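Asks: Residue numbers (my numbering), protein chains in the order written: chain L, 1 to 414; chain P, 415 to 742; chain Y, 743 to 983; chain C, 984 to 1277.
The C-beta atom is built at its ideal place from N, Cα and C for all residues, glycine as well.
Bear in mind that the values here come from a model prediction, so they are computed numbers and not experimental data.
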Amino acid sequence: MKRSLLFTLSLITTLMLATTVFAEEARNFFKVGVVIELSGDLATGGNVTKRGYDLWAQEVNAKGGIDIKGKKYQVKLFYADAQSNPSSGASAAERLITQEHVDFILGPYSSGVTMAVAPVVEKYKIPMITGSAESPLIWTNKFVYTFGTVPPVNFSGATPINTLASLNPAPKTAVILGSNDTFSKATAEAFKAAAEHAKIKVLKFNIVPAGQDLTPLLSAVRGLKPDLIAFGGHDEELIKMVKSLRQIDYTPKALLMHYGVTEPAFVNALGKDANQVFGASVWTANAKTSSKILWPNAASYAAASMKAFNTPADYTQAGSSAAGIAFQVALQKIGATPGMSEAQRTSLVKALEQVDIDTFYGKVKFATSGQYYHANVGMTPLTVQIQDGKTVIVGPANIKDAAPQYPMKAWKGR
Amino acid sequence: MKDKIIRWGLPVLFVLIAMPAVIHDTFFLRVVTEAVMWIGLAIAFDVLAGYTGYLNFGHGAFFGLGAYTTALLMMKAGWPFALALPMGGVMAAVAALIAGFPTLRLKGAYFAIATWALSRAVQQLALIMDITGGPDGMRLPPFLNPQFFYYLMLAIVAATFALLWYLLEHSPFGLKLKAIREDEQGAMALGLNPTKLKMQAFILSAVPTGILGGVYAYWITFIDPASTLGDLISDQALVMVVFGGMGTLIGPVIGAILIFAFKTLFWAYLSDFQLLYLIILGAVIALSVVFMPNGLWGTLGGFKKKKRDHENKLETSLEARLQKNEGE
Amino acid sequence: MPEPILKVDSVTKCFGGLTAVNNVSFQVQPGEIVGLLGPNGAGKTTLFNVISGYYAPTSGSITFKGQDISGKQPYTLATHGIGRTFQVVKPFAGLSVLENVVIASFLRYPKRADAERHAWQILESTGLADRANLSAASLTLAGRKRLEIGKALALEPSFLLLDEVVAGLNPTEADRTVELILQLKQQGMTILIVEHIMRVIMNISDRLVVLNFGEKIAEGAAAEVAKNPLVIEAYLGEAAA
Amino acid sequence: MELLPQALMDGILLGGIYITIAIAFSLTYGVMHIIDFAVGEWIMFGAFAGFYLNKWTGLDPFLLLPVVFVIFGLIGCLIQPVIHRVLSGSKGNPLLMGLVFTFGLGLMFQGLAMTVFGFYSNSTPSMFSEGSFFFEKFGFSLTISTVRLAGLIYALAITMALHYLLKKTNFGLGVRALALNKDSAGLMGVNGKRTGALVYGLYVGVTAMTGVLIGCILSVSAGMGPQYTIFAFFVVVLAGMGYLAGVPWAALLLGMVQSIFLIYFDPGHTLLAVFAILYTILLISPKGLFGRGV
């Protein structure tokens, strides 16, 4: 009996030790929690997002910190891996909030993890901005403390279709496919709605299991001879898609995808076959933006990214950096210093709702009602196309850098 | 044996019950809640894998089924959680009954692959159905009371442990299952009905898993096919059970605690080295299979047993006589 | 003549095109030891498996204590009082010797404590008590065969099917096993035994049934059967080949 | 109807890829009774080997196949003794332990790959990747991608080579003896350890070569492994585990199922169909389509 008593006592002691109370320290820097997918299925996007947050913190600190009423406060990022899993994401947020006492949170890449993290930040009243989640799903839930800088796909997906529809001659028929994950499915649905609205006839619309080889399906698509093939999917799926089309030797007049086309890996992997693929984007390195905060324009941000990571920046990364900027601006506005009280955090949310700024990334302005609640609707979504290995803005007409190349050059003639 | 579990189990239970009163760190509570959940999943997995010798790669499907049943009843039918939760267990039992009859006829690798294929099919089904929300998953109303979920999880897992302890280590049922594991044909000659026993084990393994799925859904407030119906649940339960020691109840508990603690510490405090996690976890699994095929607990127990066997050999007949006299 | 305990009535068992047991009939009276004899491949083990419920007969019937048991599952037959051993002994290797027997004892003693007490008695009577807590895998062949009998006995059967429980043992071990079998007979057990060692089977059996190529070629007292020209031919034929 | 020839052709070409994923996998199961959960990871490593060797040497990946085979064959030979140790353990359930061991190995490989190769997807260029053959007759049209055709030819060549190796050489006799009975093969003078190591090396080598091919036809990424593990399982189970002659037919069937489903049914249900078929076949005939599995 003695032994088990000893055992009990040691158990209790261990537990006590495990919970050393963290004193509320006075700090001269902002503690920023970062909940992202550093491992697991979504690690690719998670790491792009991380680069965006890192670059923001690096730049802020290089400038001495965030200027609050004349005093500069550095920012320090505290990461927690969500492992691409909602429950780990929720735990990660809880740790950052209750153990690290972070002032605010930069959020996950995927909507699944965001959905599990949002109730946690809601409970502790910690504002969170996700720099990359773009599923419409998040915003219809109307989380008060959750914001996003990348517009949802149903907001951005229509633009490239409209660009294509404005061509002369415009594509008349389309086949629209989407991979069966939240983001890709929403993308395909957005494409479909826009195409129908633009009077492009949708010959075939399918949601397909993620990661599959779609060659046979594309063989069937070829029989329909659509002018436009639009596909919602993730990086590897997009590469496979182009390769499949090339292998069955079908060149539609236009090939449209969403996020992933602007990713450097897309051009690297496909070489000249990547050319003339259309994509939807909200930002590119040659976007015409101007700003007074951190980076004066898109080009300087792109250069900073090249310098820091030796990787070209895409809009996920840019949106993530912009999330930091949004916090920065709102903090300055309410004059909050590190170690914010609950009241301050509540007013930070109010301040975020009023943010209306021009950044290197474009205009950041969060919707305060409707289906895009707290998503960034200040942006002008772009139509991009890969031209000679570079991402070029080809729409909307008033801000385009180059004319869209249409129809696409046959694979064989390249 | 019975003595021992009360002597050691009660203090642990007492400490676990008292813990939230002492510790107010909600993150810590959340981690312990999840650890308790994994203990439940691991011991339920072991009923079939360790005791009966059937490796169920579809274990996670019961978890997802429970999660979705609870979520659907709450969200679509407006049931209260208290009623929807048990239905998660009921659905798991029904599914086990339906899937068990054909699947349990298969043996060894065939059973493992069949259960895996079936669970993948269930996941695909959840991905394409409308009512489940497809890839978007489902959101439940947030009820973010950490103590509530901690005690609920603890109660369910403690009850599961007690029930399994009674059935597997105390009542004849456990030994009968082991007989099935060792030699199904031979067991039949001794009056054991393998079909019935395997089915009972399958249901016994499924029900707690389904209920835990229901608690998980309400606790995390969000479920989707990737997180509740993916490979994660089965894979991790398998790893915990193998590492801790199959065919025992303490082994999986130890395995679950150690693996989960390792995982949590790694991501919480070593996020920068995140990729090392997979490498280390993989290596731990592979090496533990090579060097401790009986798992941590089995290996420790093995040392003890060897010693005991040795002593036994010296004084066996004496002991036997004593035992027999006791019996008469 | 008393009611036979086992009645095998024109039993045939086919596997695909192969007839392993062909139209075999015989009876076993309570309390006797019947030896089942035949060269390799004669269908003895198949017949055993049919009687103990592992195979359903293709045609014909088996009656046990006046009840038709053809096609019933082995575990049902165990409750009716049929115990059997296996030619290839496979104890539950991961369990202790005691646990092996306890599992069988559960049939009559559903409570664990009772079953354990009963198992100890069985171990005593089969001479395994001193190895009760060892792993069954650690037993020698003789030990395993003994354990096999022990497990069958723990079912408290009224009818025992023994499949080559002596073969492979050294003479001392063999004698001990024979002694055990005779002891069982004295206690009133009915036994059907397959055995290759002539010395053993001739000595202990009250009657012999001889199979060859799945058919019954002879039946009767040991001395009688040994003189039967068909039997001699079957065995010599085998020896010549 | 006019799609049918194309649907069948696509199915056959897809099947070709699956043959090479599964055939060596089936061989190892037959001989060593190991279900290798890391099969997809070997494909992934092979794909990266092809990608980088091509990048550094500029040689066409098809010419690099022998190099990849030798490198990975050696790795396989070196790892096999560990697996052998796991599988011949007297305690626990060896089959299960082998499964868990390779599962751990697979996780480790994934982690390593992500650390070393990063997260991005790549693609290996080849001289075959650009062309295609086009036929048109009687209102039917048919396109055959050169690189997929090359893959099919490779698959058939591997199948023939394995067949020859097993049926006509002494090594093959040893392998078959080992597959039938470990103990008596040893009595007959087959060096079980060496033969086992060679078989595993052969398997890893062939699987890695398949990876090179997949890198050319589809893509290369650190996370690509598990999906090919799925297909390997499917084909091997369908063929009857360890029954080599069934593999090509099962692989073609899988290719056909996918192709037909993608074209004629709701493409969203393809994977559901694949898993449902796998499960149903296991229930009806656990030993595979031909009832010849081990």
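1. Give a yes or no on whether the C-beta atoms belonging to aspartate 249 of chain L and serine 1115 of chain C are separated by under 8 angstroms.
2. I'd like the span of the beta strand (DSSP E) that includes glutamate 237 of chain L, first residue to last.
3. Just curious, the beta strand (DSSP E) that glutamine 74 of chain L is in, first and last residue?
4. To the nearest angstrom, how far is it from the Cα of isoleucine 527 of chain P to the Cα of phenylalanine 1216 of chain C?
5. I need the boundaries of the alpha helix (DSSP H) containing methionine 654 of chain P, first residue and last residue.
6. Looking only at its chain, what residues have a beta carbon closer than 6 angstroms to the beta carbon of glycine 389 of chain L, apart from the 5 residues adjacent to it on each side?
7. Chain C partners of arginine 534 of chain P, CB-CB under 7 angstroms?
8. Using only CA atoms, which one of C:Val1257, C:Glu1024 and C:Gly1223 lies nearest to serine 1204 of chain C?
9. Going by C-alpha distance, which of L:Ala194, L:Ser305, L:Pro338 and L:Ala287 is nearest lysine 415 of chain L?
10. Could you tell me which whole beta strand (DSSP E) segments of length 3 or greater appear in the stretch 181-215 of chain L?
11. To the nearest angstrom, how far is the alpha carbon of glutamate 961 of chain Y from that of isoleucine 1066 of chain C?
12. Just checking, does the stretch 110-126 of chain L make contact with the stretch 626-636 of chain P on the three C-beta pairs under 8 angstroms criterion?
13. With DSSP run on the structure shown, which of helix, strand or coil describes aspartate 872 of chain Y?
14. Could you pull the start and end residues of the beta strand (DSSP E) that glycine 33 of chain L belongs to?
15. When the Cα atoms are used, what is the spatial distance from valine 144 of chain L to glutamine 58 of chain L?
16. Let me check understanding here. Comparing Cα to Cα, which of L:Ile66, L:Asn47 and L:Thr49 lies closest to lysine 31 of chain L?
17. Roughly how many angstroms lie between the CA atoms of glutamate 342 of chain L and lysine 288 of chain L, to the nearest whole one?
18. Can you give me the Cβ contacts of alanine 158 of chain L inside the same chain, cut-off strictly under 6 angstroms, excluding the 5 residues immediately before and after it?
19. Which one or two residues does DSSP pair with cysteine 756 of chain Y in a beta bridge?
20. Could you tell me the boundaries of the alpha helix (DSSP H) in which valine 920 of chain Y lies?
21. Can you find a CB in chain C that lies within less than 8 angstroms of the CB of glycine 413 of chain L?
22. Please compile the residues from chain P whose C-beta is within a distance smaller than 9 angstroms of the C-beta of valine 1065 of chain C.
23. State buried or exposed for isoleucine 399 of chain L, treating a residue as buried only when at least 16 other CB atoms are found within 10 Å of its CB.
24. For histidine 1146 of chain C, which residues in chain P fall below 9 angstroms Cβ to Cβ?
25. Assess contact between the stretch 593-607 of chain P and the stretch 839-848 of chain Y, defined as three or more Cβ pairs (one per stretch) separated by less than 8 angstroms. Is contact present?
26. What are the boundary residues of the beta strand (DSSP E) that isoleucine 668 of chain P is part of?
27. So the alpha helix (DSSP H) asparagine 791 of chain Y belongs to, where does it begin and stop?
28. Apart from the five residues just before and just after phenylalanine 1154 of chain C, which ones in its own chain have a Cβ nearer than 8 angstroms to its Cβ?
29. Looking at the unbroken alpha helix (DSSP H) that takes in lysine 685 of chain Y, where does it start and where does it end?
30. Please classify aspartate 356 of chain L as buried or exposed, where buried requires at least 16 neighbouring CB atoms within 10 angstroms.
31. Could you name the residues that DSSP lists as bridge partners for asparagine 1105 of chain C?
32. Give a yes or no on whether the minimum CB-CB distance between glycine 1223 of chain C and chain L is below 8 angstroms.
33. Rounded to whole angstroms, what is the Cα-Cα separation between glycine 669 of chain P and leucine 710 of chain P?
34. Bridge partners for aspartate 1249 of chain C per DSSP, in chain order?
35. So what does DSSP say about aspartate 356 of chain L, is it helix, strand or coil?
36. Which full runs of the alpha helix (DSSP H) of 4+ residues lie inside the stretch 440-497 of chain P, going along the chain?
Replies: This is what the structure holds:
1. Yes. Within cutoff.
2. Premise fails: glutamate 237 of chain L lies in the alpha helix (DSSP H), 235-248, not in any beta strand (DSSP E).
3. Counting along the chain, the beta strand (DSSP E) containing glutamine 74 of chain L begins and ends at 71-81.
4. Their Cα atoms are separated by approximately 8 angstroms.
5. Per DSSP, methionine 654 of chain P is one residue of the alpha helix (DSSP H) stretching across 646-658.
6. Answer for glycine 389 of chain L: Val267, listed in chain order.
7. Under the 7 angstroms cutoff, chain C gives Phe1258.
8. Checked all of C:Val1257, C:Glu1024 and C:Gly1223; the closest Cα to serine 1204 of chain C is C:Glu1024.
9. In the structure as shown, chain L starts at 1 and stops at 414, and residue 415 of chain L therefore has no counterpart that could be examined.
10. Annotation note: the stretch 181-215 of chain L contains the following uninterrupted beta strand (DSSP E) runs of length 3 or greater, listed N- to C-terminal: 201-208.
11. Approximately 55 angstroms between the Cα atoms of the pair.
12. By the Cβ test, the stretch 110-126 of chain L is in contact with the stretch 626-636 of chain P, since at least three Cβ pairs between them sit closer than 8 angstroms.
13. DSSP, reduced to helix, strand and coil, places aspartate 872 of chain Y within a helical segment of the structure shown.
14. Per DSSP, glycine 33 of chain L belongs to the beta strand (DSSP E) from 29-36.
15. Going from the Cα of valine 144 of chain L to the Cα of glutamine 58 of chain L covers about 28 angstroms.
16. It is L:Ile66.
17. If you take the alpha carbons of glutamate 342 of chain L and lysine 288 of chain L, they lie about 38 angstroms apart.
18. Around alanine 158 of chain L: Ala194.
19. Looking at the DSSP assignment, cysteine 756 of chain Y forms a beta bridge with Y:Thr761.
20. For valine 920 of chain Y, the enclosing alpha helix (DSSP H) has its first and last residue at 913-928.
21. Not an interface residue.
22. For valine 1065 of chain C, the residues of chain P that pass the 9 angstroms Cβ criterion are Ala700 and Val704, in the order they occur in the chain.
23. The residue in question, isoleucine 399 of chain L, is exposed, as its Cβ has fewer than 16 Cβ neighbours within 10 Å.
24. Within chain P, no residue comes near histidine 1146 of chain C; the closest Cβ sits about 24 angstroms away, beyond 9 angstroms.
25. The stretch 593-607 of chain P vs the stretch 839-848 of chain Y: in contact.
26. Looking at the DSSP string, isoleucine 668 of chain P is not in any beta strand (DSSP E); the run it does join, the alpha helix (DSSP H), is 664-683.
27. Its alpha helix (DSSP H) spans residues 786-793.
28. The beta carbon of phenylalanine 1154 of chain C sits closer than 8 angstroms to the beta carbons of Leu1148, Thr1178 and Leu1181 from its chain, once the five residues preceding and following it are set aside; these are given in chain order.
29. Chain Y is shown from 743 up to 983; residue 685 of chain Y falls before or after that span and cannot be answered.
30. Exposed, because fewer than 16 other Cβ atoms sit within 10 Å of the Cβ of aspartate 356 of chain L.
31. Looking at the DSSP assignment, asparagine 1105 of chain C forms a beta bridge with C:Val1203.
32. Chain L, which has no Cβ nearer than 8 angstroms to the Cβ of glycine 1223 of chain C, makes this no.
33. It is roughly 8 angstroms from the alpha-carbon of glycine 669 of chain P to the alpha-carbon of leucine 710 of chain P.
34. DSSP lists no bridge partner for aspartate 1249 of chain C.
35. If DSSP states are grouped into helix, strand and coil, aspartate 356 of chain L belongs with the strands.
36. 440-460 and 473-489, all fully within the stretch 440-497 of chain P.
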